Amino acid sequence: MTYRWSALLGGVAIACFHSTVMAQDIRIGVSAEPTSMDPHFHTLTPNNQIMRHMFEPLVSMDEKQAIKPGLAESWKVVDDTTWEFKLRAGVKFHDGSDFTVDDVIATFARTPNVPKSPAGFGTYVHGKTIEKIDALTFRVKTANPEPLMLNHLAQFSVISAKNQGAGTEDYNSGKAAIGTGPYRFAEFVAGDRVVFTRNDQYWGGKPYWGKVTIKPVKSDPTRVAALLSGDLDVIEAVPTADAQRLKADPRLITGSALSNRVIYFHLDRHREDSPFIKGRDGAAIKNPLNVLKVRQALSKALNRQAIVERIMEGEAQPAAQLLPDTYEGTSSKLKPVAYDLDGAKKLLAEAGYPNGFKITIHGPNGRYTNDAKILEAAGQMWSRLGLDVAVEAVPAANFFSRASTGGAGGMPEFSLFLVGWSAGTGEPSGSINSLIATFDKKAGTGAANRGRYSNKKVDDLLSAAVRTVDSAKRAVILAEATEVAMEDVAIIPIQYPLNTWAAKKDFVIVPRSDEYTLAMSFTRK
Amino acid sequence: MLAFILRRTGQGLLVVAAMVVLVFFGVHVLGDPVWILVSPEMTQTQIEEVARALGVDRPIHEQFLIFLKGLTQGDLGRSFVHGSPAIGLILERMPATLELAFVALMMAIVIGIPLGLFAGLKPDHPLARAIMAVSILGFSLPTFWVGLMLIMVFAVMLGWLPATGRGPVGHIFGIETSLLSLEGWRFILLPALNLALLKISLVIRLARAGTREVALLDYVKFARAKGLSPGRIVGVHILKNILIPIITVLGLEFGSLVAFSIVTETIFSWPGMGRLLLEAIQRLDRPVIVAYVIVVVCLFVVINLIVDILYSLVDPRVRLSEAKA
Numbered sequence: 002m003t004y005r006w007s008a009l010l011g012g013v014a015i016a017c018f019h020s021t022v023m024a025q026d027i028r029i030g031v032s033a034e035p036t037s038m039d040p041h042f043h044t045l046t047p048n049n050q051i052m053r054h055m056f057e058p059l060v061s062m063d064e065k066q067a068i069k070p071g072l073a074e075s076w077k078v079v080d081d082t083t084w085e086f087k088l089r090a091g092v093k094f095h096d097g098s099d100f101t102v103d104d105v106i107a108t109f110a111r112t113p114n115v116p117k118s119p120a121g122f123g124t125y126v127h128g129k130t131i132e133k134i135d136a137l138t139f140r141v142k143t144a145n146p147e148p149l150m151l152n153h154l155a156q157f158s159v160i161s162a163k164n165q166g167a168g169t170e171d172y173n174s175g176k177a178a179i180g181t182g183p184y185r186f187a188e189f190v191a192g193d194r195v196v197f198t199r200n201d202q203y204w205g206g207k208p209y210w211g212k213v214t215i216k217p218v219k220s221d222p223t224r225v226a227a228l229l230s231g232d233l234d235v236i237e238a239v240p241t242a243d244a245q246r247l248k249a250d251p252r253l254i255t256g257s258a259l260s261n262r263v264i265y266f267h268l269d270r271h272r273e274d275s276p277f278i279k280g281r282d283g284a285a286i287k288n289p290l291n292v293l294k295v296r297q298a299l300s301k302a303l304n305r306q307a308i309v310e311r312i313m314e315g316e317a318q319p320a321a322q323l324l325p326d327t328y329e330g331t332s333s334k335l336k337p338v339a340y341d342l343d344g345a346k347k348l349l350a351e352a353g354y355p356n357g358f359k360i361t362i363h364g365p366n367g368r369y370t371n372d373a374k375i376l377e378a379a380g381q382m383w384s385r386l387g388l389d390v391a392v393e394a395v396p397a398a399n400f401f402s403r404a405s406t407g408g409a410g411g412m413p414e415f416s417l418f419l420v421g422w423s424a425g426t427g428e429p430s431g432s433i434n435s436l437i438a439t440f441d442k443k444a445g446t447g448a449a450n451r452g453r454y455s456n457k458k459v460d461d462l463l464s465a466a467v468r469t470v471d472s473a474k475r476a477v478i479l480a481e482a483t484e485v486a487m488e489d490v491a492i493i494p495i496q497y498p499l500n501t502w503a504a505k506k507d508f509v510i511v512p513r514s515d516e517y518t519l520a521m522s523f524t525r526k
Numbered sequence: 079m080l081a082f083i084l085r086r087t088g089q090g091l092l093v094v095a096a097m098v099v100l101v102f103f104g105v106h107v108l109g110d111p112v113w114i115l116v117s118p119e120m121t122q123t124q125i126e127e128v129a130r131a132l133g134v135d136r137p138i139h140e141q142f143l144i145f146l147k148g149l150t151q152g153d154l155g156r157s158f159v160h161g162s163p164a165i166g167l168i169l170e171r172m173p174a175t176l177e178l179a180f181v182a183l184m185m186a187i188v189i190g191i192p193l194g195l196f197a198g199l200k201p202d203h204p205l206a207r208a209i210m211a212v213s214i215l216g217f218s219l220p221t222f223w224v225g226l227m228l229i230m231v232f233a234v235m236l237g238w239l240p241a242t243g244r245g246p247v248g249h250i251f252g253i254e255t256s257l258l259s260l261e262g263w264r265f266i267l268l269p270a271l272n273l274a275l276l277k278i279s280l281v282i283r284l285a286r287a288g289t290r291e292v293a294l295l296d297y298v299k300f301a302r303a304k305g306l307s308p309g310r311i312v313g314v315h316i317l318k319n320i321l322i323p324i325i326t327v328l329g330l331e332f333g334s335l336v337a338f339s340i341v342t343e344t345i346f347s348w349p350g351m352g353r354l355l356l357e358a359i360q361r362l363d364r365p366v367i368v369a370y371v372i373v374v375v376c377l378f379v380v381i382n383l384i385v386d387i388l389y390s391l392v393d394p395r396v397r398l399s400e401a402k403a
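Residue numbers (the numbering used here), protein chains in the order written: chain R, 2 to 526; chain W, 79 to 403.
Listed below in structure tokens is the structure:
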């Protein structure tokens with residue numbers, strides 16, 4: 002029997018031509034998709050970095066998060082509670098209209114009032130009243146001294162007064178996506194790409210790229226593959242496992258910056274009987290984390306260098322405090338606690354736990370780079386110290402609600418847990434205020450203090466710092482507050498991750514500490 | 079026929095209702111979305127305001143009543159993360175997923191049935207053995223690994239096809255599709271093949287088993303004795319009879335291709351609704367999760383109905399009005 006198979010097996014011809022890409026174009030692969038084109042809808046890195054192309058804040062931050070003039074050309078402190086800003090003249094919105102103080106007023110009005118916004122920029126606008134002097138001059142008044150005025154004004158995008166009433170949908174469609182930034186909105190295809198074109202009228206000179214395409218590629222290996230295959234010119238968030246290989250690849254270059262993020266352990270300090278700590282025999286014991294020597298022992302027993310080298314594959318630095326000491330307001334005295342297992346064992350014995358205790362440590366899985374692996378490594382290191390450690394990595398979606406309110410009576414659930422914190426303002430007062438200051442709903446402090454650490458001295462220094470407008474003096478106070486907290490082992494810092502970008506070899510990368518991936522950070526050689 | 083369709087639709091609605099209740103209460107056990115959504119620098123008071131604005135501070139039964147009230151007006155809720163209606167987000171991404179699933183299904187049919195027929199007709203032929211061996215690989219290799227290998231080989235090493243994304247989109251009869259241009263096909267080929275691999279293997283096995291059984295039946299022998307051409311025997315008489323189980327399975331598999339293309343969409347960065355679901359779960363975007371489940375359950379109900387109708391067209395012995403639904 003013969004059957005004619007060839008008729009059934011039709012071949013599919015594939016033409017293999019590549020669409021031409023102009024030298025003026027850049028295609029950037031990012032790890033997470035923006036959720037909206039509304040600049041005030043959600044303060045989230047994947048959103049904020051998109052906004053920076055179209056919109057600008059009044060004050061800008063450079064790649065090291067240092068304050069630079071932006072739409073506001075200059076400013077002065079009139080008195081402790083009044084700042085005066087002078088806007089840049091001749092700035093135009095993408096629709097050709099002039100930028101004036103009225104647009105700033107509209108921005109202040111809209112920013113905290115976006116309907117259904119899960120996390121807007123209200124924090125930065127709250128308590129500031131604006132007063133128009135002339136078309137290009139305005140004053141901002143606050144009830145209390147606000148030393149972080151400039152850092153706050155660097156966070157949110159300025160919109161055109163015409164679009165004050167526009168809803169999130171109008172921004173998503175591009176109708177209201179009109180800013181003063183170096184690139185104009187061209188297209189937003191949810192899940193696939195955001196496209197910008199050059200704003201030839203930009204006040205800061207002609208922007209480098211003619212067309213910017215930003216594509217979310219969530220899967221790490223695919224993002225790397227898309228760079229290797231030439232589909233993308235630049236990728237962000239180079240996976241640590243591939244970093245060394247990409248660095249060695251002659252077709253590529255990489256650029257890294259130490260991030261403003263710290264990965265650390267938070268400790269339960271508000272319960273006498275912490276739910277995940279038991280005696281060696283399983284009996285209830287008094288919370289050993291309240292003993293300074295135990296906390297010091299835990300910190301000493303962590304081999305930070307090994308975590309940085311083996312788990313982060315060199316893409317991190319051992320941490321000593323809340324922010325790397327290149328930032329203002331950090332302490333230059335604090336160094337990462339050196340690994341000293343014998344010293345740690347001695348401290349633990351002195352504290353009255355020569356045989357250790359039973360503990361379950363928790364951490365998110367998939368929220369921070371290699372988070373679950375770091376948690377496991379810490380568990381092993383503490384086992385060597387003589388503790389009976391169980392490690393539980395929880396999916397991130399579940400972790401944060403348990404860590405915040407999962408325990409009895411809506412209290413934080415865990416005893417000792419890994420978390421990360423990034424300092425968006427580029428200085429430590431926000432970190433101290435949220436993580437270490439006493440939990441106080443009315444005062445607005447300690448919202449992320451999930452260990453409920455409380456130290457009067459730190460609180461006093463912090464409240465002195467937030468009233469000090471002189472930045473040099475404030476930096477000294479904040480450094481002291483950090484030193485007090487670290488000596489008391491309020492948290493156990495582990496590492497500061499590096500942010501790494503990779504690009505084709507004819508590119509130049511200016512890496513940013515705030516994790517933002519901006520077309521403005523890349524040029525061709 | 080009409081009675082059958084009505085009865086089926088009624089049953090489908092019951093299934094949808096049951097799923098909605100299960101999923102609505104299920105996602106509430108996952109965790110509190112407020113802690114994923116808020117910016118870390120917010121104060122406790124601001125965090126509580128967010129919870130109030132999203133309505134997640136209310137007791138769960140109240141939230142359910144609000145949801146039901148919205149449902150009666152066709153409102154499935156607004157995404158916490160995107161701020162836009164959940165159903166809109168899903169429908170916006172649906173054409174991309176349907177297109178991917180459709181191409182994958184076509185691949186399964188066009189590649190799977192001929193290979194399966196061949197393997198069934200000539201079971202001892204070395205090529206037939208090879209086909210069966212490869213189909214085992216298709217079953218057992220994990221999708222994400224195959225996807226990465228496809229990217230490595232065809233995009234990185236050979237540079238023939240793009241690694242990620244969807245091609246330029248056009249419209250035909252109001253349907254958004256990237257299949258109109260050659261460029262669009264270049265983008266869809268790898269993800270569709272990745273998604274289709276398991277289905278191709280499945281179809282090969284079904285077609286082979288069916289063919290082996292049917293080829294020995296009397297009517298085939300009779301057709302041969304009558305002097306019909308081999309092409310007609312296979313193409314009409316055998317093919318038609320092995321199609322029934324294949325249609326059933328492929329109908330259901332199409333549903334699963336649409337609903338669970340999450341892995342492929344994530345790896346190839348395909349802008350479909352599977353990735354939306356994955357991100358919604360990671361961010362506890364409850365309205366999107368619930369809306370997605372409703373859409374998918376409806377889809378399965380409709381597909382089942384279509385499969386039953388197709389059944390009766392292929393096999394006149396099946397009478398819908400009598401079928402126990």
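Note that beta-carbon positions come from the ideal geometry of N, C-alpha and C, so glycine has one too. Nothing here was measured: the structure is a model prediction, and the numbers come from that model.
Just measuring C-alpha positions, the residue of R:PHE400, R:ALA391, R:LEU151, R:PRO183 sitting nearest VAL92 of chain R is R:PRO183.
ARG199 of chain R sits away from GLY180 of chain R, with the two beta carbons spaced by 9 Å or more. Listed in chain order, the beta strand (DSSP E) elements of length 3 or more contained wholly in the region 242 to 270 of chain R are 253 to 259, 262 to 268. The beta carbon of LEU271 of chain W lies closer than 7 Å to those of MET185, LEU228 in the same chain, with the five residues before and after it left out. Here GLY123 of chain R is buried: its Cβ has 16 or more other Cβ atoms, across all protein chains shown, within 10 Å. Scanning chain R for C-beta atoms nearer than 8 Å to the C-beta of GLU170 of chain W yields ALA191, reported in chain order.
In the displayed model, ALA73 of chain R falls within a strand according to three-state DSSP. When R:SER98, R:ASP39, R:ASN48, R:LEU154 are compared, the shortest CA-CA separation from GLY166 of chain R is found for R:ASP39. Distance from the CA of THR446 of chain R to the CA of ALA285 of chain R, rounded to the nearest whole angstrom, comes to 31 Å. Here DSSP, grouped into helix, strand and coil, assigns TRP210 of chain R to coil.
Annotated three-state conformation of PRO308 of chain W is helix, per DSSP. Annotation for LEU463 of chain R: no beta strand (DSSP E) segment contains it, though the alpha helix (DSSP H) segment containing it runs 457 to 466. Shown here for VAL94 of chain W: same chain residues with a beta carbon closer than 8 Å to its own, the five before and five after excluded, namely ILE372, VAL375, CYS376, VAL379 in chain order. Interface criterion not met: the Cβ of ASP460 of chain R is under 9 Å from no Cβ in chain W. ILE189 of chain W sits away from ALA287 of chain W, with the two beta carbons spaced by 9 Å or more. When DSSP states are grouped into helix, strand and coil, PRO396 of chain R belongs to the strand group. Excluding five sequence positions before and after GLY380 of chain R, the CB atoms of its chain that fall closer than 7 Å to its own CB belong to ILE362, VAL390, VAL392, given in chain order. By DSSP's assignment, ASN366 of chain R forms a beta bridge with R:PRO396. Using a CB distance cut-off of 9 Å, ALA178 of chain R does not count as an interface residue toward chain W.
With contacts defined by Cβ atoms closer than 9 Å, PRO208 of chain R and MET412 of chain R do not form a contacting pair. Contact annotation: in the region 194 to 222 of chain R, residues whose CB is within less than 9 Å of a CB in chain W are ARG194, LYS216, PRO217, VAL218, LYS219, SER220, PRO222. Residues of chain W with a Cβ closer than 8 Å to the Cβ of ASP232 of chain R are, in chain order, ALA233, PRO240, ALA241, THR242, GLY243. Counting C-beta atoms within 10 angstroms of its own C-beta, ASN114 of chain R has fewer than 16 neighbours from the protein chains shown and is therefore classed as exposed.
Taking the Cα positions, ARG28 of chain R is about 7 Å away from VAL235 of chain R. Close CB contacts of ILE253 of chain W within its chain, under the 8 Å cut and outside five residues either way in sequence, are with PRO173 (chain order). Unbroken beta strand (DSSP E) runs of no fewer than 3 residues, entirely contained in the region 328 to 380 of chain R, are found at 359 to 366, following chain order.
Under the DSSP assignment, THR46 of chain R falls outside any beta strand (DSSP E), being part of the alpha helix (DSSP H) whose first and last residues are 46 to 55. Among the bridge pairs identified by DSSP, ARG156 of chain W is matched with W:PRO163. One thing to note: GLY421 of chain R has its Cβ no nearer than 9 Å to the Cβ of TYR354 of chain R. The criterion of a C-beta distance shorter than 9 Å is not satisfied by GLY427 of chain R and TYR265 of chain R.
Following the DSSP letters along the chain, one finds ASN173 of chain R inside the alpha helix (DSSP H) bounded by residues 169 to 173.
By the Cβ rule, the region 323 to 339 of chain R counts as touching the region 423 to 438 of chain R, because three or more pairs are nearer than 8 Å. Annotated three-state conformation of GLY30 of chain R is strand, per DSSP. Spanning the alpha carbons of ARG310 of chain W and ASP250 of chain R requires a straight line of approximately 58 Å. Annotated as proximal: ILE367 of chain W and ALA358 of chain W, with beta-carbon spacing under 9 Å. Contacts with chain W at 9 Å (Cβ-Cβ) do not include LYS346 of chain R.
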